[in-house]
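Mapping the sequence shown onto this note's numbering, position 115 (from 1) lands on 1062, and the numbers just tick up by one.
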Amino acid sequence: MATLAAQQSVPPPLVTAQDLLSGLPSDGSRWLMFGGGYTNQRHSPLTQITPENVNRLVPQWVFQTDTAGRFETTPLLRDNVLYVTGPLNVAWAIDARTGRQIWQYKRELPPTGSLTACCGLVNRGFGVLGDRLFMTTLDAHLLSLNMKTGAVVWDTTLEDYSKGYASTIAPLVVKDKVIVGVAGGEYGIRGFIDAYDAKTGARAWRFYTIPGPGEPGNDTWTGDSWQRGGAGVWVTGAYDPELNLLYYGIGNPGPDYHSESRTGDNLYSDSLVALDADTGRPRWHYQFTPHDLHDWDATEVPILADLTIAGQPRKVVMFANRNGFFYTLDRTNGKLIVGKPYVVTTWAKEIGTDGRPVILPGYVPDEKGSLTCPDPTGATNFWPASYDPAQHLFFVNAREVCATFYAWKQEYVPGERYTGGAGQRTNSPDNRAWGALRAIDPTTGERKWEFPYISPSTSGVLTTASGLA
């Protein structure tokens, strides 16, 4: 349902595939995707706000959303109009100069008690192409909205929400396809990434994040556990037009903490996957946390850059993982270049030369509880990091938080929560929870500086050409 407060005098210009490829213009006049551009660097070219004048910023307007819940979204900007999604699948077009509402869309959702969306009834933003906006929903649909009016153009079902499926991801538009994923790892789903035709909503391809029988990686699951093994997709990926590859982080295996029913590495959970953008076929994968026992999804945002490492030019993808390690990978083949901790990690000593974590004993959850760092929320989570190409630094809001992890056996019931345990955060004088904005050299994993917080932050990071973060 869309309501118009006022009509725009002329239709907004069409957003082209070339606009998406061009990234952020130097005048800051548009922001057309979740990460600013296909690299996900979240680095603004604007220079008006500087270290010298940032303390003089003052509010220009306030927009009251009349909506309860958390905002985990990234607004899009085109021709002085902000396109914003919010909790419970409400969305707005807002005049960026005045804060005036142009239109509002509000989805008629099933009763809140029947929704199985884990971890907040949120949405992370729009995708855009032509005169269409694209938005996922808590009841596992993908919508196309008219950019001028907010009216629904088409509505496609991703999966049956009553079986635990939901979607909160901001769509990524590549060529003529809309790329999305589903959440539901805490409800025993089988995760996937889909591509849909932007004009019609017809599905073009599907990549299951858990391989089925006969597919490479299915042998990393016990029996039929692959059918309910989770591995959802929470956060928007990156895209390399030259390689024609998509890069997506994959969520945790299920049940989260009790792993007796899913022995093995449990591919492609907790992995970064590189997919052919035209077909969805996997080119390579890198698993950050094989056989995860602590709910450390790879929910974080992959960031692409071209770096010089050991005197050689390298095409890389950078990833600050929830498990506490920072990674730089070769994005052409998935080979590890750098793997270093950026918070305290009691569960693993280091990343070995084979790319796997060197696990320390004594950190397996059980009914008595096991104190482990980081906690289930992780060293970071869905909030995006940023890369400053001028300073050659990666910025992440990091959490120094530990938890006692518990595990117990749990039977799978369709549509019901399926975690097999829990994590209880600790915060005592001997084990204080705190956080910091950290600057990391992606060529070495070395921490260059940090700005500490009294308590952990869940804010994303934006860097600017004027040297701010």
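All residues carry an ideal CB built from backbone N, CA and C; glycine is no exception.
Note that this is a predicted model, so its numbers are computed, not measured.
Per-residue burial, residue i [other beta carbons within 10 Å of its own, 16 or more giving buried]
| i | result |
| --- | --- |
| Asn1027 | exposed |
| Ile1250 | buried |
| Gln1051 | buried |
| Arg1079 | buried |
| Thr1236 | buried |
| Tyr1007 | It should be pointed out that residue 1007 corresponds to Gln in this sequence rather than to Tyr. Exposed, since its Cβ has fewer than 16 Cβ neighbours within 10 Å. |
| Val1360 | exposed |
| Glu1347 | buried |
| Val1248 | buried |
| Trp1396 | exposed |
| Val1125 | buried |
| Ala1383 | buried |
| Ser1375 | exposed |
| Arg1003 | exposed |
| Val1009 | exposed |
| Ala953 | In this prediction, Ala953 has a pLDDT of 46, which is less than 50 and means its spatial position is unreliable; what the coordinates show is noted afterwards. With fewer than 16 Cβ atoms within 10 Å of its Cβ, Ala953 is classed as exposed. |
| Phe1398 | exposed |
| Ala1337 | exposed |
| Ile1401 | exposed |
| Asp1217 | buried |
| Asp1212 | buried |
| Pro1058 | exposed |
8 Å Cβ shell around residue i - same chain, five flanking residues per side excluded
| i | result |
| --- | --- |
| Leu1105 | Thr1083, Ala1087, His1088, Leu1089, Tyr1112, Ser1114, Val1127, Val1129 and Asp1141 |
| Gly1362 | Thr1063, Ser1109, Lys1110, Gly1111 and Tyr1134 |
| Pro998 | Ser1413, Gly1414 and Leu1415 |
| Asp1187 | Tyr985, Tyr1194, Leu1251, Lys1262 and Arg1278 |
Contact set for residue i: own chain, Cβ-Cβ below 6 Å, skip 5 residues either direction
| i | result |
| --- | --- |
| Leu1029 | Pro1022, Ile1041 and Ala1043 |
| Gly1407 | Trp1330 and Pro1331 |
| Gly1316 | Thr1351 and Tyr1353 |
| Gly1325 | Trp1243 and Arg1269 |
| Thr1275 | Val1263, Met1265, Ile1284, Val1285 and Pro1389 |
| Val1069 | Arg1017, Glu1019, Pro1034 and Thr1115 |
| Ser1172 | Ser1208 and Arg1209 |
| Gly1271 | Pro1288, Val1290, Thr1292, Pro1321 and Ala1326 |
Cβ distance (whole Å) where residue i is taken to contact residue j below 8 Å
| i | j | result |
| --- | --- | --- |
| Ser1333 | Thr1255 | Their Cβ separation, rounded to whole angstroms, is 20 Å, which puts Ser1333 and Thr1255 out of contact at 8 Å. |
| Ala1117 | Phe1018 | No, Ala1117 and Phe1018 are not in contact; Cβ-Cβ is about 13 Å, not under 8 Å. |
| Pro1202 | Tyr1310 | Not really, about 18 Å apart at Cβ, beyond 8 Å. |
| Ile1136 | Gly1196 | Rounded, the Cβ-Cβ distance is 17 Å, inconsistent with contact. |
| Trp1181 | Arg1209 | Incorrect: roughly 20 Å between the Cβ atoms, too far for contact. |
| Phe1081 | Val1120 | 7 Å |
| Leu1214 | Gly1164 | 4 Å |
| Asn1191 | Asp1225 | 7 Å |
| Gly894 | Leu967 | Outside the shown range of the chain (948 to 1416) lies residue 894, about which nothing can therefore be said. |
| Gly1184 | Ile1157 | Actually they are not in contact, since the Cβ atoms of Gly1184 and Ile1157 sit about 18 Å apart, beyond 8 Å. |
| Phe1341 | Ile1387 | 5 Å |
Chain-order list of residues whose beta-carbon lies under 7 Å from that of residue i (same chain, five-residue window excluded)
| i | result |
| --- | --- |
| Pro1323 | His1241, Asp1242, Ala1350 and Gly1370 |
| Ala1295 | Pro1304, Val1305, Ile1306 and Leu1307 |
| Ser969 | none |
| Val1220 | Tyr1195, Ile1197, Pro1229 and His1232 |
| Ala1345 | Tyr1289, Val1290, Ala1326, Thr1327, Gly1382, Ala1383 and Arg1385 |
| Leu1024 | Arg977, Trp978 and Ala1043 |
| Val962 | Leu979, Arg1025, Val1075, Leu1076 and Gly1077 |
| Thr1246 | Trp1181, Val1182, Gly1196, Gly1198, Arg1269, Asn1328 and Phe1329 |
Residue i - containing beta strand (DSSP E), residue span
| i | result |
| --- | --- |
| Ser1109 | First-last for Ser1109: undefined, no H or E at that position. |
| Ser1218 | Ser1218 to Asp1223 |
| Ile1387 | Trp1381 to Ile1387 |
| Pro1304 | Pro1304 to Ile1306 |
| Pro1260 | Gln1259 to Ala1267 |
| Ala1326 | That residue, Ala1326, is in no beta strand (DSSP E); it is neither H nor E in DSSP. |
| Gln1234 | Pro1229 to Gln1234 |
| Asp1141 | Phe1139 to Asp1144 |
| Leu1062 | Neither: Leu1062 is in no beta strand (DSSP E) and is coded neither H nor E. |
| Tyr1310 | That residue, Tyr1310, is in no beta strand (DSSP E); it is neither H nor E in DSSP. |
| Tyr1400 | Arg1394 to Tyr1400 |
| Glu1297 | Ala1295 to Ile1298 |
| Phe1018 | From DSSP, Phe1018 is part of no beta strand (DSSP E); its letter is neither H nor E. |
| Tyr1274 | Phe1272 to Asp1277 |
| Tyr1052 | Gln1048 to Lys1053 |
| Gly1128 | Lys1124 to Gly1128 |
Alpha helix (DSSP H) segment containing residue i, residue limits
| i | result |
| --- | --- |
| Gln965 | Ala964 to Ser969 |
Residue(s) in a DSSP beta bridge with residue i
| i | result |
| --- | --- |
| Thr1410 | His990 |
| Met1082 | Leu1090 |
| Ala1369 | Tyr1353 |
| Val1343 | Arg1385 |
| Leu1029 | Leu1024 and Ile1041 |
| Asp1187 | Leu1192 |
| Gly1074 | Phe1081 |
| Ala949 | Tyr1052 |
| Gly1095 | The sequence shown places Lys at residue 1095, rather than the Gly named in the question. Looking at the DSSP assignment, Lys1095 forms no beta bridge with any residue, so it has no partner. |
| Arg1003 | DSSP output for Arg1003 lists no bridge partner at all. |
| Val1285 | Thr1275 |
| Pro1200 | Gly1177 |
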